[in-house]
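Enquirer:
2 protein chains.
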Amino acid sequence: MARNISIIPKAPIARILMDAGAKRVSAEAVDAFTDVIIDIAEEISTKAVKIAQHSGRKTVHDGDIKLAVK
Amino acid sequence: MARNISIIPKAPIARILMDAGAKRVSAEAVDAFTDVIIDIAEEISTKAVKIAQHSGRKTVHDGDIKLAVK
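From first to last, the protein sequence lines are chains X and P.
With the numbering used here, the residue at position 31 of the first sequence is 31, and numbering never jumps.
If you want the numbering used here, it's the position in the second sequence, counting the first as 1, plus 100.
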């Protein structure tokens, strides 16, 4: 999971867990969570880029993101 | 979507989109994407915290995250 260290910082990810009511969070849980979030983000990104290309655009718009999530 | 500015920084989110092959990304797309990612992270967090509590633990472990995603 070392690849994720450089992509999304762990602190905000840990904060979202704490805000959800976690009293404590293991370091491994933060690593696993960061990994999961990045995987999901990559999936959505790939779809959004395809949707933009399909529409003949080089720019990804917010509508592409919204459609990719559906 | 202003609430998200302070949670997860936008730069890594935009970078994931660029890495997926986006030539350009609108500012609104980055906002929408950040929003989506945070919503998903909050959902998973809430589930993971419940799973940890259900197991009688105050600490969220990586297994709780993995189970929450399934």
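Glycine is no exception: its CB is placed at the ideal position from the N, C-alpha and C atoms.
I need the boundaries of the alpha helix (DSSP H) containing residue 147(P), first residue and last residue.
Expert: Translated into the one-based positions of the second sequence, residue 147(P) becomes position 47. Its alpha helix (DSSP H) spans residues 127–154.
Enquirer: Relative to the C-alpha of residue 156(P), which residue among 10(X), 22(X), 14(X) and 15(X) is closest?
Expert: As a first step, residue 156(P) is located in the second sequence; it is residue number 56 there, counting from the start. The option with the nearest alpha carbon to residue 156(P) is 22(X).
Enquirer: If distances are taken between C-alpha atoms only, which option among 24(X), 66(X), 67(X) and 9(X) comes closest to residue 162(P)?
Expert: Taking the first residue of the second sequence as 1, we reach residue 162(P) at position 62. Nearest option by C-alpha distance: 24(X).
Enquirer: DSSP state of residue 1(X), grouped into three classes?
Expert: Position 1 of the first sequence holds residue 1(X). Bear in mind that the predicted position of residue 1(X) carries a pLDDT of just 43, short of 50, making it unreliable; the figure below should be weighed with that in mind. In this structure, residue 1(X) counts as coil in the three-state DSSP scheme.
Enquirer: Against chain X, with Cβ distances strictly below 8 Å, would residue 156(P) count as a contact?
Expert: Indexing the second sequence from 1 puts residue 156(P) at position 56. So, not an interface residue.
Enquirer: Would you call residue 111(P) buried or exposed, if buried means 16 or more other Cβ atoms sit within 10 Å of its Cβ?
Expert: Mapped onto the second sequence, residue 111(P) falls at position 11. Residue 111(P) comes out exposed.
Enquirer: Nearest by alpha-carbon distance to residue 65(X): which of 107(P), 108(P), 128(P) and 147(P) is it?
Expert: The residue given as residue 65(X) occupies position 65 in the first sequence. The candidate whose alpha carbon is nearest that of residue 65(X) is 128(P).
Enquirer: Below 8 Å between beta carbons is the criterion; list the residues of the segment 104–124 of chain P that meet it against any residue of chain X, in chain order.
Expert: So the close ones are 107, 108, 109, 112, 113, 115, 116, 117, 119, 120, 121, 122, 123 and 124.
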